[in-house]
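When we follow this note's numbering, the leftmost residue of the sequence shown carries the number -2, and every step to the right adds one.
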Amino acid sequence: MSDSAFPAAHGSAPDEVLAAAVELARTAAVEVAGDPAVVGDHRGVTAEVLADDADPALGVVVTHSFAATLAGYRGWHWAVTLARVPGEDEITLDEVVLLPGDAALLAPAWVPWHERLRPGDLSVGDVLPATEDDHRLVPSYLADDDSADDPAGRVVAEEIGIGRERVLSPLGRIEAAERWRDGDFGPRSAMARHAPGPCATCGFFLPLAGSLRMSLGACANGYSPADGHVVTADYGCGAHSQATLEPSDGEPAEVQLTARYDTADFDVL
-2 MSDSAFPAAH
8 GSAPDEVLAA
18 AVELARTAAV
28 EVAGDPAVVG
38 DHRGVTAEVL
48 ADDADPALGV
58 VVTHSFAATL
68 AGYRGWHWAV
78 TLARVPGEDE
88 ITLDEVVLLP
98 GDAALLAPAW
108 VPWHERLRPG
118 DLSVGDVLPA
128 TEDDHRLVPS
138 YLADDDSADD
148 PAGRVVAEEI
158 GIGRERVLSP
168 LGRIEAAERW
178 RDGDFGPRSA
188 MARHAPGPCA
198 TCGFFLPLAG
208 SLRMSLGACA
218 NGYSPADGHV
228 VTADYGCGAH
238 SQATLEPSDG
248 EPAEVQLTAR
258 YDTADFDVL
């Protein structure tokens, strides 16, 4: 195992008494490890540098390092810290820890659950706790008594979401619109590129309410792959309400987008 897995020596030389206490340090490491087989060779001793303003009564401190031979802990080492007061022979055991070296195998950095979550992770019975700092939402406000009696005020309140504690923020609407536009029911999908016409001209297109009604809606055609999904106004599929087949002699029928009602003979008054 490479020595780079263990700490380099500090500038000052370790205390001779503490440096010689290798077996004491090993015994402490074995006691913590619970198995002498997982405490390997002695890899060195380093002096711990105390702060300049530290109390001299703290004495001198060193750390002995032993190779760790535990399965799954490649590159780790046992660090046993010893201390003593200058002029006294009694040695104090400060701590025993298992530490990673430069070449240690480490687990990935911890990521909060709300950053790990991906679309599709939520399953039956799961609950996604709301967060107060969700940028997709902004606070809403309850209508007062006067506006509640005003029909026009009730319409406005319903439109902006009054009665709910939070509503979509402008950024939340933008993110949703972009996500739907880039999805399977957006204008760049293969289905849309081969459609006879856009959803905006289809009778099965139900525009969304509010500021998104000009660009997004829901499909109500049970034969369409987009049925029940949010679609962009410029999405399209072969189930367009105005799609017709124009037969031609000896040639495959041609798909056309035609009006269902003949208005050519209407009188203009």
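Cβ coordinates follow ideal geometry from the N, Cα and C atoms, glycine included.
- The closest CA to that of Gly56, considering only Leu15, Thr24, Val36 and Leu67, is found on Leu15.
- The criterion of a C-beta distance shorter than 8 Å is not satisfied by Ile88 and Ala34.
- Distance check between Pro83 and each of Pro11, Gly69 and Arg40 places Pro11 closest, using alpha-carbon atoms only.
- For the 8 Å CB-CB criterion, Trp73 and Leu96 form a contact.
- According to DSSP, Thr43 shares a beta bridge with Thr60.
- Inclusion of Ala173 and Ala197 in the CB contact set at 8 Å is not warranted, their separation being larger than that value.
- Per DSSP, reduced to three states, the secondary structure at Arg170 is helical.
- Per DSSP, the continuous alpha helix (DSSP H) segment holding Ala189 begins and ends at Ala187 to Arg190.
- In its chain, beyond the 5 residues on either side, Ala174, Thr229 and Ala230 have a beta carbon closer than 7 Å to the beta carbon of Ser212.
- Contact between Pro136 and Glu162 is confirmed by a C-beta separation of about 7 Å, below the 8 Å threshold.
- Between the beta-carbon of Ala240 and that of Tyr232 there is about 14 Å, and that puts the pair past the 8 Å contact cut.
- Annotation for Val35: no beta strand (DSSP E) segment contains it, and DSSP assigns it neither H nor E.
- For the pair Leu79 and Ala22, the CB atoms are nearer than the 8 Å cut-off.
- In the assembly as shown, Pro195 is a buried residue. Its beta-carbon has 16 or more other beta-carbons within 10 Å.
- Per DSSP, reduced to three states, the secondary structure at Gly214 is strand.
- Note that the C-beta distance between Val58 and Ala26 is not below 8 Å.
- Nearest Cα to Ala236 within the set Met188, Pro184, Val227 and Ala206: Met188.
- For Thr78, the secondary structure class from DSSP, reduced to helix, strand or coil, is strand.
- In this structure, DSSP gives Trp177 a helical state, which the three-state scheme calls helix.
- The closest CA to that of Cys216, considering only Ser120, His191, Ser208 and Gly183, is found on Gly183.
- Judged by DSSP secondary structure, Glu13 falls within the alpha helix (DSSP H) whose first and last residues are Glu13 to Ala16.
- Looking at the backbone, the Cα of Glu13 and that of Glu92 are separated by about 19 Å.
- Assignment of Arg113 by DSSP, reduced to helix, strand and coil, places it in the helix class.
- Shown here for Arg170: same chain residues with a beta carbon closer than 8 Å to its own, the five before and five after excluded, namely Ser208 and Leu209 in chain order.
- When rounded, the separation of the alpha-carbon atoms in Tyr70 and Trp177 is 46 Å.
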